[in-house]
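Participant: My structure is below; once you've seen it, I'll send some questions.
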Amino acid sequence: MNHKIAPSLLSTDFLNLQQDIDMLNASDADWLHCDVMDGVFVPNISFGFPVLEQIKKVAQKPLDVHLMIVNPDKFIQQVKDAGGYMMTVHYEACTHLHRTVGAIHEAGMKAGVSLNPHTPVELLTDIIEDLDLVLIMSVNPGFGGQKFIPNSINKVARTRKMIDERNLHTLIEVDGGVNLDTGKQLLNAGADVLVAGSFVFSSTNPTETISSLKNL
Ligand SMILES: O=C(CO)[C@@H](O)[C@H](O)COP(=O)(O)O
């Protein structure tokens, strides 16, 4: 049970966000996954830095900030100021990814890179040594509650191989359609962090659901 669980705040009740964060603080959740969307990189808009600032005030667990936005470089300091622990940007959104990752580290955060479902993990071969985390999207980003894309399992296994062959400590996170069944398969393939939104927050007892993911 060395893996981490990062419930996605996108599926919380925004009218009662503090109540949900209090629940997460007391649960087996390891990180709080915060999805920032801009309506450009993805066809949806979620929440931005003013909301992250409020989350930071009550969260007792590290904020795992996933930026689904174009030009993430412009917002590195804002993510840091809003309490970001891990800042994850999209491979597809960064022309100068090496520079972006360096700037995230310079700001004092861990750096993650996310891959859309069609983006091969092999494209990270010349940067993976600089990364704290690879986030494999197992749905097309933008919405909660979508169907898991099965090829993600194979992608996790290929990422695990790349990391182990080089003796790296980079974490593999997977996001989208995670439940007990897909979660188990992802862990068997070598995932380290499971993000789960609707499976947790649509369940009758989210605390127990988080524990069952943690106990996989
Ligand atoms: O990044 C995203 C969506 O783009 C996710 O974090 C979702 O929030 C995951 O939701 P579920 O698929 O678990 O419902």
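Numbering (the numbering used here), first residue to last: 153 to 368. Ideal Cβ positions, reconstructed from N, Cα and C, are used throughout, including at glycine.
Can you tell which of A158, Q212 and D344 has the C-alpha that lies nearest to the C-alpha of T311?
Facilitator: In the sequence shown, residue 311 corresponds to position 159, counting from 1. Cα-wise, what sits closest to T311 is D344.
Participant: Quick one: is L161 buried, meaning 16 or more other Cβ sit within 10 Å of its Cβ, or exposed?
Facilitator: As a working mapping, residue 161 is identified with position 9 in the sequence shown. Burial call: buried.
Participant: With a threshold of 7 Å, establish whether the CB of S350 neighbours any heavy atom of ligand 1.
Facilitator: By one-based count along the sequence shown, residue 350 stands at place 198. Yes; taking the cut-off as 7 Å, the Cβ of S350 has a heavy atom of ligand 1 nearer than that.
Participant: Secondary structure at G297, three-state DSSP: helix, strand or coil?
Facilitator: By one-based count along the sequence shown, residue 297 stands at place 145. DSSP places G297 in coil when its eight states are reduced to three.
Participant: On the DSSP bridge assignment, give the partners of V345 in chain order.
Facilitator: Here residue 345 refers to the residue found at position 193 when the sequence shown is read from its first residue. Paired residues: K156 and E325.
Participant: So the beta strand (DSSP E) L287 belongs to, where does it begin and stop?
Facilitator: As a position in the sequence shown, residue 287 is number 135, starting the count at 1. From DSSP, the beta strand (DSSP E) with L287 extends over L285 to M289.
Participant: Within its chain, find whatever has a CB closer than 6 Å to the CB of S163; leave out the 5 residues flanking it on each side and keep chain order.
Facilitator: In the sequence shown, counting from the first residue as 1, residue 163 sits at position 11. Hits under 6 Å: G296, G349, S350 and F353.
Participant: Buried or exposed: which applies to Q277, given that a residue is buried once 16 or more other Cβ atoms fall within 10 Å of its Cβ?
Facilitator: Residue mapping note: residue 277 aligns to position 125 of the sequence shown, counting from 1. In the sequence on display, residue 277 carries Thr and not Gln. Result: exposed.
Participant: Could you tell me how far apart the beta carbons of L346 and G335 are, in whole angstroms, since I believe they sit closer than 8 Å?
Facilitator: Numbered from 1 along the sequence shown, position 194 holds the residue referred to as residue 346. Numbered from 1 along the sequence shown, position 183 holds the residue referred to as residue 335. About 5 Å; that satisfies the 8 Å criterion.
Participant: If you follow the beta strand (DSSP E) that V219 is part of, which residue opens it and which one closes it?
Facilitator: Your numbering for residue 219 matches position 67 in the sequence shown. Rather than Val, the amino acid found at residue 219 in this sequence is Leu. It spans L215 to M220 - the beta strand (DSSP E) in which L219 sits, taken as one unbroken run.
Participant: Taking I221 as the reference, which of N177, S266, V194 and L323 has the closest Cα?
Facilitator: As a working note, residue 221 is residue 69 in the sequence shown. Closest by alpha carbon: V194.
Participant: Distance check for S179 and F216, CA to CA, integer angstroms please.
Facilitator: Within the sequence shown, numbered from 1, the residue matching residue 216 stands at position 64. Within the sequence shown, numbered from 1, the residue matching residue 179 stands at position 27. Reading the sequence as shown, one finds Asp at residue 216 and not Phe. Between D216 and S179, the C-alpha separation is close to 16 Å.
Participant: I'd like to confirm something about D355: is its beta-carbon nearer than 7 Å to some heavy atom of ligand 1, or not?
Facilitator: On the sequence shown, residue 355 is found 203 positions in, with the first residue counted as 1. Checking the sequence, you will find Ser at residue 355 rather than Asp. Answer for S355: no, Cβ out of range of ligand 1.
Participant: Enumerate, from N- to C-terminal direction, the unbroken alpha helix (DSSP H) stretches of 4 or more residues contained entirely within the region 231-284.
Facilitator: Counting only runs of 4 or more, we get 249-258.
Participant: At a cut-off of 7 Å, would you count H242 as near ligand 1, judging by its Cβ distance to the nearest heavy atom?
Facilitator: Within the sequence shown, numbered from 1, the residue matching residue 242 stands at position 90. Not under cutoff, so the answer is no.
Participant: Can you give the Cα-Cα distance for N303 and N292, rounded to whole angstroms?
Facilitator: As a position in the sequence shown, residue 303 is number 151, starting the count at 1. As a position in the sequence shown, residue 292 is number 140, starting the count at 1. So the two alpha carbons sit approximately 12 Å from each other.
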